[in-house]
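Residues in the sequence shown are numbered from 18 upward in steps of one, following our numbering.
By construction, the Cβ of each residue, glycine as well, lies at the ideal position given by its N, Cα and C atoms.
None of these values were measured; they are calculated from a predicted model.
Reading through the structure tokens given below for one structure.
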Amino acid sequence: MFMDRAVLAGLSLLLFTACSTSPSTSVEPEFNAPLVNVSLDESSNYWTLDRRSQVDARRAIGAPATSYECRRAVLAYTVDSNGSVFDVEIVDAWPNEAAARYFAAMQGQFRYDPTATNPDRIPIRTIGTQTAFVRGADCEFPPMKGLSWPDE
């Protein structure tokens with residue numbers, strides 16, 4: 018009887034401890050310097066796409082890649098000092114928001130390496146486009162919106 022109570026008390030303590038010390042699953046961006054707003058062309062002076070980046074289309078939310086013949090999204094995103102992507106924002110979407118959410122989820126999985134001219138790993142915020150189409154599709158995209166920062 019005493020043994021049963023001791024085991025029950027031990028299990029209760031273990032459960033309480035496990036629940037109260039659960040690890041955080043959210044990852045915060047790291048900034049070694051102030052964030053710099055740059056154009057997509059200028060971004061290559063700071064960061065280049067890590068060719069070893071593993072992108073899993075199954076982790077992307079929204080429309081699967083084959084849902085539309087033609088699709089495009091204008092995305093603003095931050096590359097932190099570790100080369101990780103954060104704060105992906107849909108600026109413009111065509112044909113609809115679902116296709117853009119897919120692109121945004123994919124963008125969030127990319128990793129970047131600092132260039133030789135960015136040894137301090139300066140974090141950036143940039144705006145770029147993601148476009149996809151089926152070969153042979155007749156794509157007529159509307160004019161893009163939002164490819165520059167508001168103060169430009």
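Neighbour-count burial assignment, residue i, 16 or more Cβ in a 10 Å radius
i      : result
Gly153 : exposed
Phe158 : exposed
Val151 : exposed
Leu92  : buried
Arg138 : buried
Pro51  : exposed
Val44  : exposed
Three-state secondary structure assigned by DSSP to residue i
i      : result
Asp58  : helix
Tyr119 : helix
Glu106 : strand
Thr65  : strand
Residues bridged to residue i (per DSSP)
i      : result
Ser101 : Arg128
Tyr94  : Thr143
Phe89  : Residue 89 is actually Arg in this sequence, not Phe. In the DSSP output, where bridge partners are listed per residue, Arg89 has Trp111 and Thr148.
Val53  : Ile141
Beta-carbon proximity list for residue i, same chain, < 7 Å, skipping 5 on both sides
i     : result
Leu66 : Phe127 and Tyr129
Cutoff 8 Å; reference residue i; Cβ partners in own chain excluding five residues on either side
i      : result
Asn135 : Asn62, Tyr63 and Trp64
Neighbourhood of residue i by C-beta, 6 Å cutoff - its chain only, sequence neighbours within 5 removed
i     : result
Asn99 : Glu47
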